[in-house]
Every structure is written in structure tokens, then in C-alpha cells.
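Worksheet: the structure to be examined is printed underneath.
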Amino acid sequence: MTTTIKCPITKPVLQVGSKGQSVREMQQILNQRLAEFDVIALSPLQIKVDGDFGILTQNAVKYLQCLAYLTVDGVVGVKTWTFLCDGTSSLPVLRVKSTGNIVKLVQQALKEGAYYTGTVDGVFGAITEKAVKEFQVNRSLVADGIIGRKTWDALIKLDVHSFSCHTSIYPGC
5 MTTTIKCPIT KPVLQVGSKG QSVREMQQIL NQRLAEFDVI ALSPLQIKVD
55 GDFGILTQNA VKYLQCLAYL TVDGVVGVKT WTFLCDGTSS LPVLRVKSTG
105 NIVKLVQQAL KEGAYYTGTV DGVFGAITEK AVKEFQVNRS LVADGIIGRK
155 TWDALIKLDV HSFSCHTSIY PGC
């Protein structure tokens, strides 16, 4: 279960080229989240905490964004800061009738994990609900077909999803 991490009061938008204490604090928090969610590496990905938002930090941010089913842009904006600080409690509860890109990303991960057989269309319908329930049973969770915090924790750690994120950010590794 993810924990809330103490975050700075000021959370500026950070990207390649950003420098300073805000970057240093974000890098420390990023390393904590990666230690929590990076399940495919022998040791979790860690970046140097140096206050310099370079390419290595950007790639680590992209990797975490992918793991967290966020928009992968390498920029630490509001949604990424919120996930860094609050973990999976910051992600929306998804259920039948939910729609959008985040549903599409979940469907794709469930399809890669051989739980979902439907079309990856961003519409949380009966087939998606069935796949979520099957996934929940497989992970010893309450099989209610609703993606809440515990199911998000498990989805982020789904090995095929983690591997897909890793290879899309770090090709050849």
C-alpha cells in the first residue's frame, strides 16, 4: 500500500534544465516512489540527487509517469507532483462507465497481462469490469470490479506493465 510522502509546500513545474532545491527535493521523493514501485529491476532505479534536472532525471520521471498511468511527458507538473506525494490515493477510482485515456492505459496493461480480451477503447464496460475482477482475484483483492487504491497498487506492480514502461523509456535494457 502506498504511503503519503512529506512534500515541499511549493511544487513548481520542473523539467529538463530546472535546477535547485526544488529539483533536489523532487529527486529524493522520486527515488522513494521508484523504490516502492519499480518491481522488475534487481534493485530499484535510483537517480542522483544533485538538484540538476537532466536527461537521467527526465527518464526516471517518465518511467514513474508510465508506471502510474499518467501522461508520459517527463515534466513534473501538478498530476506528477500529486502522485509523487500521495501515491495511488491520487489516482481516480475507475468503474463501469468511466472513460478516458487512463481507462485505455489500464485496458492495455490488462490485455498485456492476459486479463482483458476486449478492444482497448477507453470505455470501462462489462468486459473491462470482468478483467478487473479476474485481476483482483489473482492478486487476492476484493473482486468488486472497481479500481481503487489497492487495485491501483497492484496494477502499477503488474510485471508486464512495469516491463512495458521500462522498455519504452529505456530501450535495449
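For the sequence shown, the numbering used here begins at 5 and goes up steadily by one. Where is the CB? At the ideal position from N, CA and C, for every residue including glycine. Source: prediction; values computed, not measured.
Buried or exposed (CB count within 10 angstroms, at least 16 for buried), residue i
i    : result
D42  : buried
V136 : buried
Beta-carbon proximity list for residue i, same chain, < 6 Å, skipping 5 on both sides
i   : result
L95 : W156
Euclidean distance between Cα positions of residue i and residue j
i   : j    : result
S93 : L109 : 18 Å
G21 : Y174 : 20 Å
T14 : C70  : 24 Å
V97 : V127 : 14 Å
K23 : Q31  : 11 Å
Given residue i as reference, the closest of the options once Cα atoms are compared
i    : options          : result
G129 : G149, G117, R143 : G149
Q36  : V82, V107, F87   : F87
Closer than 6 Å: residue i CB and nearest the ligand SAH heavy atom
i    : result
N105 : Ligands in the displayed structure: none, and consequently the ligand SAH is not present.
Sequence-distant residues of its chain with Cβ nearer than 7 Å to residue i (five each side left out)
i    : result
E133 : V100, G149
R143 : A158
Close beta carbons around residue i, own chain, < 8 Å, minus the five adjacent residues each side
i    : result
T121 : K115, I131, A135
N105 : T75, G126
Beta-carbon gap between residue i and residue j smaller than 7 Å
i    : j   : result
Q19  : V79 : yes
H165 : I44 : no
P12  : E29 : yes
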